């Protein structure tokens, strides 16, 4: 009796063990960490797995990765899978196209018919809502069916040559027909037939097609494609081919934690989705969303607190309402509590900002060579001094702009007027190089006809140069402004020309090392309050050694003033400045701007340099002068200067005079002109004095009654 009871107990334990093993074998198996998640370009989410059934929910969801191709292809049977969607419960796969082609006599030339696909035991179905059977052709019968013969359905497309030419961008019913799929289709066979053996359509529509494709199928793209062997089809899947179980805690339940089960629309089975407030893969288990981290999606005007599957939002103290929608009201204590820290933060922020700015200024000062330059004679300005002097670089203080940057007028506390050269910040490395070069040049110059540098500022990102302010603008302005009286006399023109030549001669002969200006033009020559010329702008200048004849540089300068030899060779020489000075002389004499191509009297297009040279050859120089010549002696001086300009404009640099020769000749003419003027004034004075003596004798000899009349005449002569 005891043995029988023991035997029954043993059998009962064995049955319980087997049932537990069976339950375990049918329950969810989570993928291990070593499971492959991607095949080629396709990501494979759980419940699907790749190659190893242990990486999938079960063997029904195990897919193959074909590595014979590059990149590898994800396969389900003979179909290639392009996409797997957890949200939609679908996959996009390829499907074979049935096709037949005929020649013009109705003979079949190629045939791929009756493609058959069986999804088998897997919980998969061809989507009846996203797929359609499409037949293309003009003598076409296309139908589909279950190989078991449970159903057959299809459509017929018949058309003539004329109607086949109509719109092919969509399936309009001419040359094409479509029908939907029935529900719950697991296997499918496509078949093509010809009704008239293409007896009438072989020439204009030689091929027929039967295509199973999803809603993305485009007829126009298919007809234009060279590969018509397959199309994309949508296959729907479910995790279980059952209804949602009553007990979510069941071991055979296909969904993970924090999920909801829903029955598929086609009646195939159920799928899983995350519950509201959760995210992730519903077949592995969803995790809580922290709504407080995404305030754009989950609105909260108050204090946000995350909860499992949701969140709470309490309005701030003193306010009321639903914090997820709108909070109303306010409290003064809250405002005071906010304003205090804000004011404190602002003060701290300002102090930090000031400290940062001071550190930045000091950093810029050291980076720009301040420790070296502050021990030299040049004055170091602070950034604040120049901001104050230029009224924060106000537009009203703007003087002009060049390739290096902008120039602003400023006034120092001692009423000294300055010109601040403020570089552009677009290319700091290049600007710093230009600064170092210009600073190295102007610091070596001390000449009355060169703009003097007063100092520099090193506290800015790029250094600022401070020059003396030259009040009467550029020579170019006075040449081309017809209302300017400055250059209307030969004496003034000759004096300015001699002063410019003196400065350039200083650069070439007396500066150590010699300097080539590189951009001599009328707009780089300034006139001070006494109309004394001062050469400016050394952005294109270079230093050369005394034994160096030329320097190869990147072509810089201004069109119309550039030496043609420099343009051809790229070698900048002292004779390049000579040529540019010759152009300035032409501009000074004629009043025509180089490059304008216009004569003073007409709109005829000319080259002013060539026009000037030809006027010398034709003895017509007087006709192109921009000022009136007082007498023949002045005309002789003008002609000498014109000849000198033509010498400067020779195409070969070796044939041009040096700036020393040019300067000496102009200085000689200037002294000669001044002596002639002084002599003429002396003769005129002697003549006037002689007349005065005669008048005085006459006055003494006359009666007293004539004294008043003589007095009037003398006063009149003085006032003249």
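In our numbering, the protein residues as written are 978 to 1697. The C-beta atom is built at its ideal place from N, Cα and C for all residues, glycine as well. Predicted model, so just to flag it, every value in this text is computed and none were measured.
Beta-carbon contacts of residue i that lie in its chain and below 8 Å, excluding the five residues immediately before and after
i: residue 1247; result: 1215, 1216, 1217, 1219, 1220, 1221, 1231, 1238, 1239, 1240, 1241
i: residue 1004; result: Any reading at residue 1004 must be qualified, since the residue scores a pLDDT of 44, below 50, and its modelled position is unreliable; the value itself is stated next. Once the five neighbours on either side are set aside, the close Cβ partners of residue 1004 are 1228, 1229.
i: residue 1098; result: 1037
Cut-off 7 Å between Cβ atoms - residues of its own chain near residue i, not counting five sequence neighbours on either side
i: residue 1192; result: 1107
i: residue 1267; result: 1283
i: residue 1518; result: 1418, 1492, 1493, 1494, 1495
i: residue 1257; result: 1251, 1263, 1264
i: residue 1698; result: Residue 1698 lies beyond the stretch modelled for the chain, which goes from 978 to 1697, so this question has no answer here.
i: residue 1666; result: Confidence in residue 1666 is poor, its pLDDT being 47 and thus under 50, which makes the residue's placement unreliable; the coordinate value appears in the next sentence. Hits under 7 Å: none found.
i: residue 1079; result: 1085, 1086, 1175, 1179, 1183
Status (buried if at least 16 other CB within 10 Å, exposed otherwise) for residue i
i: residue 1272; result: exposed
i: residue 1045; result: exposed
i: residue 1255; result: buried
i: residue 1100; result: buried
i: residue 1714; result: This structure leaves residue 1714 out entirely; the chain is present only between 978 and 1697.
i: residue 1399; result: buried
i: residue 1416; result: buried
i: residue 1587; result: exposed
i: residue 1002; result: Confidence at residue 1002 is low in this model, with a pLDDT of 40, below 50, so the placement of that residue should be treated as unreliable; the coordinate-derived value is given next. Under this definition residue 1002 is an exposed residue.
i: residue 1411; result: buried
i: residue 1599; result: exposed
i: residue 1467; result: buried
i: residue 1333; result: exposed
i: residue 1182; result: buried
i: residue 973; result: No answer is possible for residue 973: the residues shown for the chain start at 978 and end at 1697.
i: residue 1477; result: buried
i: residue 1259; result: buried
Cβ shell of residue i (< 6 Å), same chain only, five flanking positions each side left out
i: residue 1473; result: 1510
i: residue 1155; result: 1109, 1111, 1148
i: residue 1292; result: 1279, 1298, 1300, 1304
i: residue 1662; result: Below a pLDDT of 50, predicted positions are generally treated as unreliable, and residue 1662, at 47, falls in that range; no measurement from the model is reported.
i: residue 1701; result: A question about residue 1701 goes unanswered here, because the residues of the chain that appear run from 978 up to 1697.
i: residue 1235; result: 1252, 1255, 1263
i: residue 1160; result: 1105, 1243
i: residue 1425; result: none
Identified DSSP bridge partners for residue i
i: residue 1214; result: 1101
i: residue 1433; result: 1357, 1442
i: residue 1208; result: 1072
i: residue 1166; result: 1093, 1122
i: residue 1043; result: 1050
i: residue 1256; result: 1264
Host beta strand (DSSP E) of residue i (start-end)
i: residue 1607; result: Note, residue 1607: premise wrong, no beta strand (DSSP E); not H, not E.
i: residue 1533; result: Residue 1533 -> no beta strand (DSSP E), and no H or E assigned at all.
i: residue 1188; result: 1184–1191
i: residue 1286; result: Where residue 1286 is concerned, there is no enclosing beta strand (DSSP E), given that its DSSP letter is neither H nor E.
i: residue 1156; result: 1153–1157
i: residue 1130; result: 1129–1135
Pair within 8 Å by beta-carbon distance, residue i and residue j
i: residue 1633; j: residue 1538; result: no
i: residue 1593; j: residue 1620; result: yes
i: residue 1366; j: residue 1384; result: no
i: residue 1428; j: residue 1512; result: yes
i: residue 1094; j: residue 1165; result: yes
i: residue 1454; j: residue 1464; result: no
i: residue 1569; j: residue 1622; result: no
i: residue 1076; j: residue 1186; result: yes
i: residue 1606; j: residue 1618; result: no
i: residue 1089; j: residue 1168; result: no
i: residue 1572; j: residue 1626; result: no
i: residue 1382; j: residue 1401; result: yes
i: residue 1157; j: residue 1105; result: yes
i: residue 1102; j: residue 1015; result: no
i: residue 1544; j: residue 1530; result: no
i: residue 1073; j: residue 1202; result: no
i: residue 1612; j: residue 1470; result: no
Residue range of the alpha helix (DSSP H) that includes residue i
i: residue 1473; result: 1467–1482
i: residue 1565; result: 1551–1567
i: residue 1376; result: Run containing residue 1376: none in the alpha helix (DSSP H); it sits in the beta strand (DSSP E), 1375–1378.
i: residue 1545; result: 1541–1546
i: residue 1585; result: 1585–1594
i: residue 1452; result: 1452–1457
Cβ of residue i within 8 Å of any chain D Cβ
i: residue 1476; result: In summary, chain D is missing from the structure at hand, where a single protein chain is found.
Residue i beta carbon near the ligand GTP (any heavy atom closer than 7 Å)
i: residue 1275; result: Ligands displayed in this structure: none; no statement on the ligand GTP is therefore possible.
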